[in-house]
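Since the structure comes first, as structure tokens, the remarks are kept for the end.
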Amino acid sequence: MEYRARYNQPFTLAEAVHLDVAIITEEIARLQNSLQHLNETQALLRTHIALESDPDLQQALNENEQVIGSQNERISILRMALTQKGIPAHSSHYDLPPISGSIASTPSRSTAHATSTPAQEPTPSRTASAHASGVNQANGTNGTSTDADTSDEEGLHL
């Protein structure tokens, strides 16, 4: 039995089955992130429409509903492709966060094993040296002093 998409899709189920598993799961994650943002936008649009009827906002709301339906269908196609590749629909290795969940709170495959280093706040001396470095690069110098550059005057010499 062949799957028939309700919406126009950029690929068929048969084509999706030929994609690498990593590509499929990354696309599902990307679509879920897009859906999260679309749903947030829809909530804002509904709020504004409730306060003041605006035909443009209503049109945007309706168009977004079509996009949401299409993207949900695309996720379904990709999950069916994973199943046809022999990966269970709810494999813990390829399990993805739910659409309503926060994507940002779930580490992605690329960042799950990364170590984090605390960000350093810029200090005045770092900021000044970075600025001086930028000035030196802008004027074609490398930031090293020569005898001509040294003098008793304080400040930044160009």
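In full-length UniProt numbering, the protein residues as written are 1 to 158.
Note that beta-carbon positions come from the ideal geometry of N, C-alpha and C, so glycine has one too.
Treat the numbers as computed from the prediction; the structure is a model and nothing was measured.
Buried versus exposed call for residue i [16 or more other C-beta atoms within 10 Å across all chains shown]
i, result
"A16", "buried"
"A50", "exposed"
"T47", "exposed"
"I24", "buried"
"A14", "exposed"
"A43", "exposed"
Cut-off 7 Å between Cβ atoms - residues of its own chain near residue i, not counting five sequence neighbours on either side
i, result
"L31", "Q71, R74, I75"
Cβ-heavy atom distance, residue i to the ligand SAM, below 7 Å
i, result
"Q42", "In terms of ligand content, the structure shown is empty, and the ligand SAM therefore cannot be addressed."
Reference residue i, options the options, closest by Cα
i, options, result
"H37", "T12, F11, E65", "E65"
Spatial neighbours of residue i in its chain, beta-carbon cut-off 8 Å, leaving aside the 5 residues before and after
i, result
"Q9", "S70, E73, R74, I77"
"I68", "L35, L38, N39, Q42"
Can you find at least 3 beta carbon pairs, one from the region 50 to 58 and one from the region 69 to 76, that sit closer than 8 Å?
-> Under the Cβ criterion (8 Å, minimum of three pairs), the region 50 to 58 does not count as touching the region 69 to 76.
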